[in-house]
Amino acid sequence: VWSFGQISFVAVGAFAAGLLTSPTATRQTSMPTLFRFLATTQISNTESLLLAVGLGALFSFLAGLVLMRLSGLSAGIATFAVLEITYDVLTYWDKIGPGATTLALVPVTTSMTVGAVGCGIAIVVAFAYQHTRSCRLLRASREDPVAAQGIGISVFRHRLVAFTISGGLAGFAGALFVHELGSISTGQVYIDLTFATLAMLVVGGAGSLWGAVLGGMGLGVVDAFLSNAENGVAFGSVNVTLPNGMRVVIRGRPQWWWCSSSLPKGVTGAGSSV
7 VWSFGQISFV AVGAFAAGLL TSPTATRQTS MPTLFRFLAT TQISNTESLL
57 LAVGLGALFS FLAGLVLMRL SGLSAGIATF AVLEITYDVL TYWDKIGPGA
107 TTLALVPVTT SMTVGAVGCG IAIVVAFAYQ HTRSCRLLRA SREDPVAAQG
157 IGISVFRHRL VAFTISGGLA GFAGALFVHE LGSISTGQVY IDLTFATLAM
207 LVVGGAGSLW GAVLGGMGLG VVDAFLSNAE NGVAFGSVNV TLPNGMRVVI
257 RGRPQWWWCS SSLPKGVTGA GSSV
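Letter by letter, the sequence shown follows residues 7 to 280 in the numbering used here.
In structure tokens form, the structure reads like this:
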């Protein structure tokens with residue numbers, strides 16, 4: 007089952023960790039409609055990581071009770087619906103968060119080292135799960151779920167286990183994410199991040215753990231390079247700028263060429279007739 011709603015678990019982990027580690031005084035003034043326990047509870051950054059894992063796993067488990075009974079395209083569309091519902095709830099229900107505004111003043115604790123350790127933990131958990139009996143049975147049922155059920159494999163149960171573990175890891179990633187940025191909004195954990203993660207899987211290969219890891223690293227490096235390259239790349243004392251591309255071609259074309267190329271066939275000028 008391809009999950010297009012995995013970022014919804016990232017969002018839950020990010021907002022839970024960010025909200026409960028931000029200053030309570032700020033919450034009470036900038037978010038006066040919060041539930042009382044959310045407005046007054048304060049936890050440490052380490053506790054927020056554990057909370058994000060638990061909430062991500064719980065949310066994915068509850069969603070998986072329905073979603074993991076589906077297969078194919080219907081399952082993918084249903085997971086995308088979970089993403090949309092999560093986005094709407096976090097955006098418009100201001101009793102559980104900042105709503106459409108940005109959650110700010112989150113402690114910044116995710117350094118490069120902490121992020122690398124977090125990635126390592128996620129990889130170890132995924133690698134360990136790959137070698138469990140549940141994962142082997144799940145892989146065996148991938149090609150023919152009906153045949154797998156016929157020999158006694160509970161496809162639903164093993165899918166639910168995998169989905170719950172992935173939700174917990176996604177929540178963990180969300181907590182690391184918000185503690186790296188120091189702020190979070192619903193737009194940051196929505197469509198753009200969803201397609202970015204899907205692109206990483208497609209490039210690296212969704213069928214293997216190391217393919218996903220290498221795909222994520224590769225696209226991350228390319229994205230960082232291109233973000234800086236638009237202002238020029240320094241090689242020692244030489245600054246190399248990228249070509250301006252089609253912008254110069256379009257702006258440099260003669261005006262008559264632009265007009266004539268945009269007219270219907272048989273028309274040679276703005277005042278001409280066929």
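Note that CB positions come from ideal geometry on N, CA and C, so glycine has one too.
query                                                                                                                        : result
Best match in Leu111, Leu68, Phe133, Leu207 for proximity to Thr32 [C-alpha to C-alpha]                                      : Leu111
Residue ranges of each alpha helix (DSSP H) within the segment 70-157, 4 or longer                                           : 78-98, 118-136, 139-146, 151-156
Top-ranked residue by Cα proximity to Thr52, from Asp198, Val120, Cys125                                                     : Val120
Residues bridged to Ile197 (per DSSP)                                                                                        : Looking at the DSSP assignment, Ile197 forms no beta bridge with any residue, so it has no partner.
Three CB pairs or more closer than 8 Å across the segment 100-119 and the segment 23-31                                      : yes
Chain-order list of residues whose beta-carbon lies under 8 Å from that of Leu204 (same chain, five-residue window excluded) : Phe10
For Phe178, the first and last residue of its enclosing alpha helix (DSSP H)                                                 : 161-187
Alpha carbon of Phe133 to alpha carbon of Gly158, nearest angstrom                                                           : 25 Å
Thr30: first and last residue of the uninterrupted alpha helix (DSSP H) it sits in                                           : 30-36
Supposed close pair Leu89, Ser14 - CB separation, criterion 8 Å                                                              : 5 Å
Residues near Ala181 by beta carbon distance below 7 Å, same chain, minus five either side                                   : Gly19, Ala20, Ala23, Ser54, Leu55, Ala58
Cβ shell of Trp264 (< 7 Å), same chain only, five flanking positions each side left out                                      : Since pLDDT at Trp264 reaches only 49, below the 50 mark, its modelled position is unreliable, and the value read off the structure follows with that caveat. Result list for Trp264: empty, nothing under 7 Å.
Beta-bridge partners of Ile190, as assigned by DSSP                                                                          : Leu109
Whole-number beta carbon distance between Gly210 and Ala218, since they are thought to touch under 8 Å                       : 5 Å
Burial state of Thr39 (16 or more Cβ within 10 Å)                                                                            : exposed
Ile83 burial status per 10 Å Cβ neighbour count (16 or more: buried)                                                         : exposed
Alpha-carbon to alpha-carbon, Gly173 and Thr107                                                                              : 25 Å
Run of the alpha helix (DSSP H) containing Phe43, from where it starts to where it stops                                     : 42-46
With 16 other Cβ atoms within 10 Å as the buried cut-off, status of Tyr98                                                    : exposed
Backbone secondary structure at Leu26 - three-state DSSP                                                                     : helix
Supposed close pair Leu175, Val130 - CB separation, criterion 8 Å                                                            : Wrong, their Cβ atoms sit about 11 Å apart, outside the cutoff.
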